[in-house]
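Trainee:
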Amino acid sequence: MSDRPLGGPGPEGPGSGGGSSGAPGWAGVSDWPLAGLRLTCREVSLRPVREADLPALAAVLPADFEQDPRLEPFPGLSAEADRRRLFYQGYWKSLGVWSPSAWVLHFAVAYRHELVGVQTLEAENFPALRTVDSASWLVPGVRGRGLGTAMRTAVLGLAFDRLGAVAAVSSAVAGNAASLGVSRRIGYAENGAGLIVVPGGEVAELRNLRLTAEAWRASGQGRAVTVDGLAPCLPWFGLH
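Note that the UniProt record's numbering gives residue 159 to position 159 of the sequence shown, counting from 1, and the numbers run on in steps of one.
Structure follows, in C-alpha cells:
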C-alpha cells in the first residue's frame with residue numbers, strides 16, 4: 001500500500017461522540033475495544049474512523065487519493081464515484097475480515113479540532129513478521145504544515161513502541177513526492193523499486209522504503225507520541 005480532506009463532523013474533534021462507555025461514538029460495541037484507542041503526536045490527534053464519519057470523509061476525498069491498483073474499478077462509475085465506493089468498501093472490509101494476524105486500522109485525523117484526513121496502519125501475519133505498512137491522505141488545505149509527518153509518526157509510535165513491530169515499510173509511486181518526503185524525513189531507507197499498473201492502465205515505478213525498530217528508537221521520535229486505550233485491544237493484535 002502507498003502512503004497516500006474533511007469538512008467534517010464539527011469542532012469536537014476525534015475523541016467525541018456518544019455511545020457505550022469506553023467506545024465513544026460506537027453505541028453497543030463495548031466488545032470492540034479498538035473504538036476507544038486514541039493517539040496524539042504534536043498538533044494532531046487520531047482515533048479510529050467511525051461509520052458516521054464516512055459520508056463527510058467520502059465527500060472530500062482528494063483527487064490524488066491513491067487507489068490500491070489491485071482493486072477492480074466499477075464500469076459505469078465516474079472516477080469520483082469509484083473513489084467514494086472504494087473508500088466505503090475499504091472501511092467495511094477492514095472491520096469484517098480483521099484477525100490478529102492480518103488487520104487494517106483506519107484512523108481519523110484531527111487538527112485544531114477539525115477532521116482533516118485519514119491515517120491507516122496495517123499488517124499481514126503480524127505475530128510472526130512484526131512488520132507494518134501505512135497509507136494516508138489529507139485535505140489539500142492543510143498540506144505543507146507537517147501534519148503528514150506527525151500522523152505517520154503517531155501510528156509508528158503505536159507500532160514500534162507498543163505493539164513490538166520490528167520494521168515498517170512504505171511504498172509510493174515515483175511521482176508521489178509528499179509520501180516519499182514523509183518517509184525520508186522520518187528515517188525510512190530505500191528498499192528497492194518495481195513496476196505497477198496504475199488506474200488507467202499506465203505502468204509506473206513503485207519506490208519501496210523500510211524503517212527498522214532500531215533506527216526508529218535511535219531517532220527519538222517516539223517521545224512525541226501518546227497512546228491511550230490500548231490495553232484491552234492487545235488480543236486484536238495477537239498480543240497479551
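Ideal placement from N, C-alpha and C gives every residue a C-beta, glycine not left out.
Which one of G238, F160 and V227 has the shortest CA to CA distance from A215?
Mentor: Measuring from the Cα of A215, the nearest candidate turns out to be F160.
Trainee: Evaluate the contact criterion for the stretch 222-229 versus the stretch 190-205: three or more CB pairs, one atom per stretch, below 8 Å.
Mentor: No, because fewer than three Cβ pairs between the stretch 222-229 and the stretch 190-205 fall closer than 8 Å, the two stretches do not touch.
Trainee: Taking the straight line between their C-alpha atoms, what separation do you get for N182 and R152?
Mentor: Looking at the sequence shown, residue 182 is not Asn but Val. When rounded, the distance between both Cα atoms is 8 Å.
Trainee: The alpha helix (DSSP H) spanning Q89 covers which residue range?
Mentor: Residues A79 to G96.
Trainee: Should P33 and G238 be called a contact, given that it needs their Cβ atoms to be closer than 7 Å?
Mentor: No, they are not a contact pair.
Trainee: Rank S136, G144, V142 and S171 by C-alpha distance to the C-alpha of A154 and give the top, closest one.
Mentor: Ranking S136, G144, V142 and S171 by Cα distance to A154 puts S136 first.
Trainee: Taking only the alpha-carbon atoms, compute the straight-line gap between R162 and A213 and give it to the nearest angstrom.
Mentor: C-alpha separation (whole angstroms): 12 Å.
Trainee: Let me check understanding here. Comparing Cα to Cα, which of T149, A168 and R112 lies closest to L129?
Mentor: Cα-wise, what sits closest to L129 is A168.
Trainee: Output needed for E124: all residues of its chain with C-beta closer than 6 Å, excluding positions within five of it in sequence on either side, in chain order.
Mentor: Correct list, in chain order: A102.
Trainee: Tell me whether F126 is buried or exposed, calling it buried when 16 or more other Cβ atoms sit within 10 Å of its Cβ.
Mentor: Answer is buried; the Cβ neighbour count reaches 16.
Trainee: Is V104 near G117, with beta carbons less than 7 Å apart?
Mentor: Contact flag unset, no.
Trainee: Expressed to the nearest angstrom, what Euclidean distance is found between the alpha-carbon atoms of L95 and D64?
Mentor: Rounded to the nearest angstrom, the two C-alpha atoms are 25 Å apart.
Trainee: Going by alpha carbons, who is nearest to S134 out of Q119, R145 and K93?
Mentor: Among Q119, R145 and K93, the Cα nearest to that of S134 is on Q119.
Trainee: In or out: H106 buried (at least 16 other Cβ within 10 Å) or exposed?
Mentor: Looking at its Cβ environment, which holds 16 or more other Cβ atoms inside 10 Å, H106 is buried.
Trainee: Taking the beta strand (DSSP E) that W236 falls in, what are its first and last residues?
Mentor: W236 -> no beta strand (DSSP E), and no H or E assigned at all.
Trainee: By the 10 Å Cβ neighbour count, where 16 or more other Cβ atoms means buried, how is E43 classified, buried or exposed?
Mentor: Result: exposed.
Trainee: Note down the Cα distance separating L38 from V203, rounded to an integer number of angstroms.
Mentor: According to the sequence shown, residue 38 is Arg rather than Leu. C-alpha separation (whole angstroms): 38 Å.
Trainee: Would you mind sorting D53 into buried or exposed? The rule is 16 or more other CB atoms within 10 Å of its CB.
Mentor: Burial call: buried.
Trainee: Could you check where the beta strand (DSSP E) with D133 kicks off and where it finishes?
Mentor: Looking at the DSSP string, the run of the beta strand (DSSP E) that includes D133 is T131 to L138.
Trainee: Give the secondary structure of D31 by DSSP, where H, G and I count as helix, E and B as strand, and everything else as coil.
Mentor: In the structure shown, D31 sits in coil (DSSP, three-state: anything other than H, G, I, E or B).
Trainee: Which word fits V132, buried or exposed, when buried means at least 16 other C-beta atoms lie within 10 angstroms of its C-beta?
Mentor: Under this definition V132 is a buried residue.
Trainee: So, G187 versus L211, is the Cβ gap smaller than 7 Å?
Mentor: Cβ atoms of G187 and L211: closer than 7 Å.
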